[in-house]
Amino acid sequence: MNKILVLILFSLLLIAKDGAVTKDKIIELYQKKEYEKLCHLGYRNFKSIRNDQNLISLYAFSCLYADYIDRLAIPIIALSKTKEARQNRTYFSLILTQKNMLYSSIIDHIPIEGIQLPMTDHVISRVSHLYFQNLYTKKDGHYFLHDPNDPKITYEVYQEKSRYNRPFLIIEEHIGSTIIKHKFL
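In the working numbering, the protein residues as written are 5 to 189.
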């Protein structure tokens, strides 16, 4: 019995040490472009970074780059103490709003018309800008859009069911012969 207890405590200590979040760890993961890992780490350990606007921004950008757009909601609320943090908050809010509007329109078939939001460099922003201007062709539930600034870039937008039957919004970004697939809940 004592051996089991010691083993459990040792395992918990290793897990806690491995999952510990430090400023250096966050910066290291961001520099290594391990965005998904950093997004999960920031999500699980938000209390320990909530007072550092720079770390919150790194966490939020990591979630953005890893396509965890809904995880931006918490940093959006927290980014308020500096001018740069508020600018980041505005950027994240815009992309989250565009994702939700695009999702509602395509997945739930809610008509959204007359929308003119600012455009950013993010794929959701570019696609929603084209979509809400009706600059697409539709075939078999797929929306095809062409980037007006770069003829090598096209987008295919459609829905796909998850294994739990939840709909994902899929954006395939076609850049020449390369396809980058983005999944959003």
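Each residue gets a CB set at the ideal place from its N, CA and C atoms; glycine is no exception.
Treat the numbers as computed from the prediction; the structure is a model and nothing was measured.
- Below 6 Å CB to CB, which residues in the same chain sit around Ile-184 once its five sequence neighbours on both sides are set aside? Correct list, in chain order: Glu-177.
- Helix, strand or coil: how does DSSP classify Ile-114 here? Coil.
- Item | Per DSSP, the bridge partner or partners of Phe-188 | Its beta-bridge partners are Leu-173.
- Query: Among Asn-169, Asp-144, Ile-80, Lys-29, which has the Cα closest to the Cα of Glu-160?
  - Reply: Across the set Asn-169, Asp-144, Ile-80, Lys-29, the C-alpha of Asp-144 shows the shortest separation from the C-alpha of Glu-160.
- Task: Compute the distance between the beta-carbons of Arg-90 and Leu-83, then report whether it is under 8 Å.
- Result: Yes; because the gap between Cβ atoms is below 8 Å, this pair is in contact.
- Using the Cα positions of Ile-80 and Leu-45, report the straight-line distance between them to the nearest angstrom. Here the C-alpha atom of Ile-80 lies approximately 17 Å from the C-alpha atom of Leu-45.
- Neighbourhood of Lys-85 by C-beta distance below 6 Å, restricted to the same chain and skipping five residues each side: For Lys-85, same chain residues with a beta-carbon under 6 Å away, outside a window of 5 residues either side, are Gln-57 in chain order.
- Close Cβ partners of Phe-136 (< 6 Å) along its chain, the five nearest in sequence each way excluded: Hits under 6 Å: Ile-119.
- Using the C-alpha atoms, what's the distance from Tyr-147 back to Ile-114? Straight-line measurement puts the Cα of Tyr-147 at about 15 Å from the Cα of Ile-114.
- Item | Residue environment, Tyr-168, which counts as buried when at least 16 other CB atoms sit within 10 Å | With fewer than 16 other Cβ atoms from the protein chains shown falling within 10 Å of its own Cβ, Tyr-168 counts as exposed.
- Message: Taking only three categories from DSSP, how would you classify Glu-38?
- Response: In the three-state DSSP reduction, Glu-38 falls in the coil class, being neither helix nor strand.
- Item | Buried or exposed by the 16-neighbour rule on C-beta atoms within 10 Å, applied to Asp-71 | Answer is buried; the Cβ neighbour count reaches 16.
- Message: If you measure between the beta carbons of Leu-42 and Ile-30, is that distance less than 8 Å?
- Response: Yes.
- Residues of its chain near Leu-62, where Cβ-Cβ distance is below 6 Å and the 5 sequence neighbours each way are ignored: Once the five neighbours on either side are set aside, the close Cβ partners of Leu-62 are Ile-30, Tyr-34.
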